[in-house]
């Protein structure tokens, strides 16, 4: 996993891993979620990829838009 830059300084996202059509997000509380094109849509996954690489806005986007659109909770 790649460490999240957290440019805004107040994100609960700790790290992420991008793969084609999916993203795995590791949160500060230790939880890890897998989001896929099938679970939340390709446009949302593409935006999550962009935000993860930018290091800002991913936690907010998940909370506002994606919500419970994960494929599975890994832990």
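Residue numbers (my numbering): 217 to 291.
In this text, a Cβ means the ideal position worked out from N, Cα and C, and glycines have one as well.
In this text, all values refer to a predicted model and were calculated from it rather than measured experimentally.
- Between the C-alpha atoms of residue 267 and residue 246, what's the straight-line distance to the nearest angstrom? For the purposes of this step, residue 267 is taken as residue 51 along the chain shown, with counting starting at 1. For the purposes of this step, residue 246 is taken as residue 30 along the chain shown, with counting starting at 1. Cα to Cα, the separation comes out at about 20 Å.
- Query: Just the Cα atoms here: how many angstroms apart are residue 249 and residue 279?
  - Reply: If you number the chain shown from 1, residue 249 lands on position 33. If you number the chain shown from 1, residue 279 lands on position 63. Between residue 249 and residue 279, the C-alpha separation is close to 13 Å.
- Rounded C-alpha distance that separates residue 235 from residue 262: By 1-based counting over the chain shown, the position of residue 235 is 19. By 1-based counting over the chain shown, the position of residue 262 is 46. Spanning the two alpha carbons is a distance of roughly 11 Å.
- Item | Cutoff 6 Å; reference residue 238; Cβ partners in own chain excluding five residues on either side | Mapped onto the chain shown, residue 238 falls at position 22. Hits under 6 Å: 252.
- From 283, 277 and 271, residue whose alpha carbon lies closest to that of residue 225: If you number the chain shown from 1, residue 225 lands on position 9. Comparing Cα-Cα distances from residue 225 to each of 283, 277 and 271, the minimum goes to 271.
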